[in-house]
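Visitor: Residue 4 is where the sequence shown starts when you use my numbering, and the numbers rise one by one after that. Each residue gets a CB set at the ideal place from its N, CA and C atoms; glycine is no exception. Predicted model, so just to flag it, every value in this text is computed and none were measured. Mind having a look at this structure? Questions to follow.
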Amino acid sequence: MYRSKLGFTLIELLIYVAIFAIVAGFFTSILLISLRVQSTQTGLVEISGQLNFVMQAVQRHVHDATAVSAPASGASGSTLTITKPSGIVTIALGSCGTPITTNAVCVTEAGNTDPITNDKIQVTNLTFRHYTTPSSLPCPGTPCVPSTETIQINISADNKSQNPAQFVSRTLQGSASPLNQ
Numbered sequence: 004m005y006r007s008k009l010g011f012t013l014i015e016l017l018i019y020v021a022i023f024a025i026v027a028g029f030f031t032s033i034l035l036i037s038l039r040v041q042s043t044q045t046g047l048v049e050i051s052g053q054l055n056f057v058m059q060a061v062q063r064h065v066h067d068a069t070a071v072s073a074p075a076s077g078a079s080g081s082t083l084t085i086t087k088p089s090g091i092v093t094i095a096l097g098s099c100g101t102p103i104t105t106n107a108v109c110v111t112e113a114g115n116t117d118p119i120t121n122d123k124i125q126v127t128n129l130t131f132r133h134y135t136t137p138s139s140l141p142c143p144g145t146p147c148v149p150s151t152e153t154i155q156i157n158i159s160a161d162n163k164s165q166n167p168a169q170f171v172s173r174t175l176q177g178s179a180s181p182l183n184q
């Protein structure tokens with residue numbers, strides 16, 4: 004009987020298919036893990052970017068302030084009300100904008116209320132604490148140090164992912180002082 008050496012035997016073919024299936028499964032799991040990490044990192048970058056933007060915007064408003072109305076000195080609250088040369092500015096957590104953005108940081112200035120976060124994240128906490136350092140006045144014969152105000156800002160947010168494996172939450176803290184006191 005004549006036997007050809009041009010093809011594969013059934014055993015060789017089954018071994019090749021099994022090795023290919025194992026390698027393909029290995030690479031598929033690496034791909035899925037990479038996609039999950041990328042999705043989580045994208046959410047983390049979004050939250051971090053927006054929290055940094057909010058912190059810088061609040062600090063800019065506080066730096067431009069001539070007075071801090073709320074919260075009262077020594078107290079904390081979820082609304083910051085400041086007086087600037089251009090008018091009164093209020094920063095709070097709420098629903099604002101067109102279309103409405105819920106759980107957003109809203110800035111009300113000159114009668115307009117606009118969000119400074121978008122709908123990709125939801126802000127879960129926004130707290131302001133007002134500290135006042137008393138002045139050393141009257142201080143005859145020595146240099147006087149005027150009183151200073153500081154606003155501590157705490158903000159927490161998370162992404163709106165429905166997938167628990169991709170859920171990301173972050174908290175950012177900072178402070179600012181009015182420069183025009």
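Taking 7 angstroms as the cut-off, decide whether the C-beta atoms of L54 and L175 are in contact.
Guide: A contact, by the Cβ cut-off of 7 angstroms.
Visitor: Less than 7 angstroms between the beta carbons of I124 and V110, yes or no?
Guide: No. Outside cutoff.
Visitor: Taking only runs of the beta strand (DSSP E) that begin and end inside the region 13 to 61, which ones reach a length of at least 3 residues, in chain order?
Guide: For the region 13 to 61, not a single whole beta strand (DSSP E) run of length 3 or above is found.
Visitor: Can you give the Cα-Cα distance for F131 and S172, rounded to whole angstroms?
Guide: Going by the C-alpha atoms only, they are around 19 angstroms apart.
Visitor: Can you list, in chain order, the residues of its chain whose CB lies under 8 angstroms from that of F11, leaving out five sequence neighbours each side?
Guide: Y19.
Visitor: Please state whether DSSP places P137 in a helix, a strand or coil.
Guide: The answer is coil: DSSP assigns P137 none of H, G, I, E or B.
Visitor: By the DSSP assignment, the beta strand (DSSP E) with Q169 in it spans what residues?
Guide: Element bounds for Q169: n/a, residue is neither H nor E.
Visitor: Out of curiosity, what's the CA-to-CA distance linking K87 and A70?
Guide: The alpha-carbon atoms of K87 and A70 are separated by roughly 7 angstroms.
Visitor: Would you call the region 161 to 168 and the region 39 to 52 touching, i.e. three or more CB-CB distances under 8 angstroms?
Guide: With the cut-off at 8 angstroms, the region 161 to 168 and the region 39 to 52 touch.
Visitor: Kindly indicate the opening and closing residues of the beta strand (DSSP E) around K123.
Guide: Taken as a continuous stretch (DSSP letters only), K123 belongs to no beta strand (DSSP E), as it is neither H nor E.
Visitor: Tell me which same chain residues have a C-beta within less than 8 angstroms of the C-beta of Q169, skipping the five on either side of it?
Guide: Correct list, in chain order: R39, S42, T43, G46 and N162.
Visitor: Taking Cβ to Cβ, would you say E112 is nearer than 7 angstroms to V126?
Guide: Not in contact: E112 and V126 (Cβ atoms no closer than 7 angstroms).
Visitor: For D134, I'd like the list of residues in its chain whose CB is within less than 8 angstroms of its CB, leaving aside the five on either flank, ordered along the chain.
Guide: The identity of residue 134 in the sequence shown is Tyr, whereas the question assumes Asp. Counting only Cβ-Cβ distances below 8 angstroms, and skipping sequence neighbours, we find S76, G77, E152, T153, I154 and Q155.
Visitor: Identify the residues that DSSP records as bridge partners of P118: which are they?
Guide: Its beta-bridge partners are C109.
Visitor: Whole angstroms is fine: what's the gap from T82's alpha carbon to P167's?
Guide: Roughly 31 angstroms between the two C-alpha positions.
Visitor: Could you compute how far the alpha carbon of R63 sits from the alpha carbon of S178?
Guide: Taking the straight line from one Cα to the other gives about 11 angstroms.
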